[in-house]
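Quick note, the sequences are listed as chains F and L, same order.
One point on numbering: in my numbering, the residue at position 11 of the first sequence is 936, and numbering is uninterrupted.
One point on numbering: in my numbering, the residue at position 434 of the second sequence is 1359, and numbering is uninterrupted.
2 protein chains.
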Amino acid sequence: MTNSAGYRSRTNPRDFQQGLADHNSNQGSRCASIDLSMPTGKLHIVPLGGLGEFGMNCMAIRWGDDIIVVDAGLMFPEAELLGVDIVVPDISYLLENRKHVRGIVLTHGHEDHIGALPWILSELNVPVWATEFTLAYVEDKLDEHQLLDDADLREIRPGERFKVGPFTVHPLQVTHSLVDCVALAIHTPLGVVLHTGDFKVDPTPTDNRLFDLHGFAEYGKEGVLALLQDSTNVERKGYTPSERAVRRKFEEVFARTKRRLFISCFSSSIHRIKLTVDMAREHGRKICFIGRSMENSSEIAEDLGYVEIPDGMMIHPGEMKNFAPERVCVLISGTQGEPMSALSRAAVDNHKHAKIEKGDTVVLSSRIIPGNEKAIFRMVDHLFRREAFVIYDDGSYPPIHVSGHASQEELKLIINLVRPKYFVPIHGEFRQLRLHADLAASMHGSVGSVMLIESGDILEIDERGARKAGRINVGRVCIDSGSRTDVVEDLVIKDRRHLSEDGFVMPIIAIDKHTGRVETSPEIVTRGFNPGDNGVIDRIKQIVVETLDSSSAEEKADYGVIKEKIRTDLKRYISRQTQRRPLIMPVILEV
Amino acid sequence: MTNSAGYRSRTNPRDFQQGLADHNSNQGSRCASIDLSMPTGKLHIVPLGGLGEFGMNCMAIRWGDDIIVVDAGLMFPEAELLGVDIVVPDISYLLENRKHVRGIVLTHGHEDHIGALPWILSELNVPVWATEFTLAYVEDKLDEHQLLDDADLREIRPGERFKVGPFTVHPLQVTHSLVDCVALAIHTPLGVVLHTGDFKVDPTPTDNRLFDLHGFAEYGKEGVLALLQDSTNVERKGYTPSERAVRRKFEEVFARTKRRLFISCFSSSIHRIKLTVDMAREHGRKICFIGRSMENSSEIAEDLGYVEIPDGMMIHPGEMKNFAPERVCVLISGTQGEPMSALSRAAVDNHKHAKIEKGDTVVLSSRIIPGNEKAIFRMVDHLFRREAFVIYDDGSYPPIHVSGHASQEELKLIINLVRPKYFVPIHGEFRQLRLHADLAASMHGSVGSVMLIESGDILEIDERGARKAGRINVGRVCIDSGSRTDVVEDLVIKDRRHLSEDGFVMPIIAIDKHTGRVETSPEIVTRGFNPGDNGVIDRIKQIVVETLDSSSAEEKADYGVIKEKIRTDLKRYISRQTQRRPLIMPVILEV
């Protein structure tokens, strides 16, 4: 990028998606200062996930024969994906280009940015770059999948550039709900691509590691080819409050709690864990961690110096009973009402150590993830029944939780600082990308063109402009159980959904393989099906017999035909009789 | 109720649930004016649903051998209740006392207050009292279930008292998101029980039918035995905005929309339908109703004079194409992203008449019911993809939707007006009842004692005080399909849940009934189960054979034993091999 400001002034930013047309038609006046020695290759920005969907953030950036991948996230399945544990991106694009992939760079340690790593590395073992804290999470995860020994993990530090193939990557420190997060300034032969990762602009982070505004400003001065910016909170006006805002609420809670204090937050909320530990110390309470994810995460945070726990302050759950209630503070897993979490079990008095008693206070310092409301409020109701005082996010101020993503004013601030030639909204459902595109397009002075793309689109940039240049195969791969390899086929999920709605009806018919005769009366097995009254099952038997009787010997010899006839006849009867559509699965047994 | 204020002054309202103890110990001083001629019977207030759960509102009030029922609501099932369409209260208490039930009085026409009527009336055909508008909904519903001809429906009017057995019921007009809603002042021999129904205190309802503050005040002056008050919005501070607040947002939307305007609201939001029709008229747009529930509801509203549509203003969906886009306003069903609703179909361009085009505006004038976020935002994303401008509740002011339930200040206002001896929070999950109890208990001057009860508790009141006096059987009855009679057993739902998670594995074994010999190799049928690789199914077959081989002739003769052995052996293998727990259902076929 040798030109810096000339290309911005006269664009009509409303016509995003028309980036190329604008760019070409205005090129004479807008790009007067363009350097004719600019390389003639093409840069491809190819989101594999996260653009037009929530989670599963993964993006390939390609120059010629070199690909760098930013993030490798998972998505938690929607309720309809029955029995699916996690969803990861389809990486066929990377596999087809496996010899060109130079490595994966991670922006931070949240699951929607690192959760697909075991899946991807087991298919494509390339180096992974990440900051110290992010690597600690990654190591844990890879260890769990027996992939750690073979992994090539490389630690990076904010501010220190490194090379990945032809790319120089410059990690810039950003603030977020997690610690040690970076944006990535990726130097390509065509200019700098600045990928924000997830961020907010928190002027007072609990770890005092500040957002690198100067780094962003410097790039803005030098000229940035493309800004790829987090869209998560684009629907929110104003500024996201600092993590510091939660401290005021915590002060209130600690001051008035007379008995045990249970605080639940996401286990990755290191800021919140630090705050809790600091305040417990100030108020003379011991600290106790309950729940596997909370224990792991706080251990990593302590090892890396994010949380300081003085000697003798931490107690084991079993020791709680030895301390007066007003001397104990418990950090406990389970903000989302997950049925097996420590807090859910404590709420129904089913946890060995976490006993919640009358007058105790329970704090849910987290947001309600959509879809979890019922589970969370069921848990809250149980806590109220135990006569605990429960504090959850009810919209009051000071807040008990703050978001980790930038609101509109912060998004505009970064756009103002960076002044990119191309703006690409990332990390969001379609409406969020669209609203973010609208927001950027309204900033005439700061943005050249806005490019609205979704997962699978190839955004091609060269010296002549930017355009959508085709699509690659992308999609969601459903993974069963904890294993990284158990892909669940669509058909299996479809069957599960069908079974879950109406159950199944299975007529089993034994046919003598020598004579072709039907042996004994058919057996009818049903599950999850509500026949209404007993007559229905008898009638089903009868229909099977009638269907068999009315079939020719030829038909009876072709099990496919006979099964289909039975299925059709039963479907008609059952749907008329019960208004339900169970899976009907005739089985023929040759005996 | 002859005493009026004396009993209030010295209670310690913090000790709710201790109502009796307080009442007795303080009786000398507090109830100096008590009338000794007060009847010596016992009044029972018995919630059958809606206290400690959301929906399914239904309450029995009993004096001696006479029972009056207030409301007969349903609950929409949680996602875990797979394949269940609606949930209704267990009414065994009413059936056991069937000869004492004098009738059902309805407060308003929402499903959580009338939706269980078909179910209840088909078991217990008693008279039903309700206002004109509520009855119109009830008639529709009973007609659908072929129960209308046998029903004894009686129209009531706000302000006009009527008798039900020994009770005189005085309906008081209240404001809510629906029209023609009433609170009920039920005169019992022991005093007045005031049941608020659902309400807010809207000073400017669109139909100008005002909240009967004077009626409430009058009762407060005379003395009220018990106030049973709606807890739905107790977590909200301040006042709920008037329906009128939405008008400002609608004005903005109508003014700036240049093409077709689609407005979706709950079909029972008569205020919102009226507002839309009025504004469409003012802006020279034709009105068109799309979606069955929207058509029904607007027809009822028009018939009863709540909505006035001038001749020639309403067009049929098929006529839309004859009018310029800026001359059309469409009221369309489907605010919650229900997959088969008109709006969901329009969003994916799959509706015959509702075509959404670039530049159209779509308004979702409703709240997001918890659990529906994903479906709603999926629909919104599709609308954005069609390049429509979508307006949904994003917390901005003026609001695009307002609640129909009273917030804290309104709740306090009613308590101030009514000054009840006993306060009972109704309509809410447990935490809401509890917070409402706390709120009332803090109002020393206005409330005697607070009684926190849940569905199934018997609240007994007599001249000596009030107390929980045992429990009745209550619970949720799950109904499959549209029918009123298809009760789904717990086991069926449990099976569906199990099937939906992991599917099933069914080994089928044919045994010769004469020799006890196993004929041919076992057949393995699976659905919704992900075996990982093919070897697993072969190994399952082998295990079944091994289990059979290792069993004695005696065991083989007992199919129960042999099935259990197979189940155990397979379960162990499958769970170790795949980490899943499919339903394992061995079937033995005698041939």
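Virtual Cβ for every residue (Gly too), placed ideally from N, Cα, C.
Distance between residue j and residue i (C-alpha atoms, nearest Å)
i	j	result
Q1071(L)	E1168(F)	60 Å
L1031(L)	R1086(L)	14 Å
I1016(F)	V1450(F)	41 Å
R1184(F)	M981(F)	42 Å
S1476(L)	P1447(L)	16 Å
A1267(L)	E1064(F)	49 Å
E1471(L)	H1038(F)	47 Å
V1159(L)	Q1357(L)	6 Å
V1461(F)	M1510(L)	21 Å
E1048(F)	L1020(F)	8 Å
A1055(F)	I1081(F)	5 Å
R1422(L)	V971(F)	39 Å
F1355(F)	A997(F)	20 Å
I1499(F)	V1417(F)	23 Å
G1230(F)	R1270(L)	54 Å
H1095(F)	A1110(F)	5 Å
R1497(F)	G1428(L)	24 Å
R1506(F)	D1494(F)	13 Å
S1374(L)	Y1347(L)	5 Å
R1442(L)	I1436(L)	6 Å
Chain L residues whose Cβ lies nearer than 9 Å to that of residue i
i	result
T1445(F)	K1438, L1514, E1515, V1516
S1193(F)	Near S1193(F) there are no residues of chain L at all, since even the closest Cβ is about 22 Å away, more than 9 Å.
Residues that residue i contacts on chain F, provided the C-beta gap is smaller than 7 Å
i	result
D1319(L)	E1160
E1069(L)	Neighbours of E1069(L) on chain F: none; closest Cβ ~13 Å, over 7 Å.
R1401(L)	Within chain F, no residue comes near R1401(L); the closest Cβ sits about 14 Å away, beyond 7 Å.
D1420(L)	G1428, R1452, G1453
I1433(L)	I1433, V1512, L1514
Contact set between residue i and chain L, taken where Cβ atoms lie within less than 8 Å
i	result
K1510(F)	This sequence places Met at residue 1510(F); Lys is not what is there. Chain L residues near M1510(F): V1450, R1452.
Chain-ordered neighbours of residue i on chain F, where CB pairs are closer than 9 Å
i	result
V1273(L)	Chain F residues near V1273(L): none, gap ~13 Å exceeds 9 Å.
L973(L)	Those do not exist, as L973(L) stays about 19 Å from chain F at its closest Cβ, beyond 9 Å.
Counted within 10 angstroms of its Cβ, other Cβ atoms place residue i as buried (16 or more) or exposed
i	result
V1372(L)	buried
P1014(L)	buried
Q1467(F)	exposed
D1285(F)	buried
A1478(F)	exposed
A1482(F)	exposed
T1059(F)	buried
K1199(L)	buried
N1455(F)	buried
E1335(L)	buried
T965(L)	exposed
D1075(L)	exposed
D1274(F)	exposed
Chain-ordered neighbours of residue i on chain F, where CB pairs are closer than 8 Å
i	result
V1315(L)	R1356
L976(L)	Under the 8 Å cutoff, chain F gives no residues; its nearest Cβ is about 12 Å from L976(L).
L1424(L)	R1421, L1424, S1425, G1428, F1429, R1452, G1453
Contact list for residue i against chain L, beta-carbon separation under 7 Å
i	result
E1220(F)	In chain order: nothing, as chain L lies at least about 23 Å away.
F1179(F)	Those within 7 Å of F1179(F) in chain L number zero; the least Cβ separation is about 21 Å.
E1003(F)	K1299
Positions along the region 1282-1311 of chain F whose CB lies within less than 7 Å of some CB in chain L:
Contacts with chain L (Cβ-Cβ distance below 7 Å) from the region 1282-1311 of chain F involve P1295, G1296, E1298, K1299, F1302, V1305, D1306, F1309, R1310, listed in chain order.
Is there contact here, the region 1094-1112 of chain L with the region 1320-1337 of chain L, by at least three beta-carbon pairs under 8 Å?
With a cut-off of 8 Å, the region 1320-1337 of chain L and the region 1094-1112 of chain L count as touching, because enough Cβ pairs lie within range.
Does the region 1216-1225 of chain F come close enough to the region 1153-1163 of chain F to have 3 or more Cβ pairs within less than 8 Å?
Too few Cβ pairs lie closer than 8 Å, so no.
Does the contact criterion of 3 or more C-beta pairs under 8 Å hold for the region 1015-1029 of chain L versus the region 976-991 of chain L?
With a cut-off of 8 Å, the region 976-991 of chain L and the region 1015-1029 of chain L count as touching, because enough Cβ pairs lie within range.
Within 8 Å, do at least three Cβ pairs link the region 1351-1365 of chain L to the region 1186-1204 of chain L?
In short, these stretches do not touch, since the Cβ pair count stays below three.
Report yes or no: do three or more beta-carbon pairs, one from the region 1302-1313 of chain L and one from the region 1210-1218 of chain L, lie closer than 8 Å?
The region 1302-1313 of chain L makes no contact with the region 1210-1218 of chain L, as fewer than three CB pairs between them are under 8 Å.
Check whether the region 1127-1137 of chain L and the region 1287-1301 of chain L touch, using three or more Cβ-Cβ pairs below 8 Å as the test.
In this structure the region 1127-1137 of chain L does not touch the region 1287-1301 of chain L; the number of beta carbon pairs closer than 8 Å is below three.
Residues of the region 1337-1370 of chain L in Cβ contact with chain F at a cutoff of 8 Å, in chain order, please.
Cβ contacts with chain F come from E1354, F1355, R1356, R1359.
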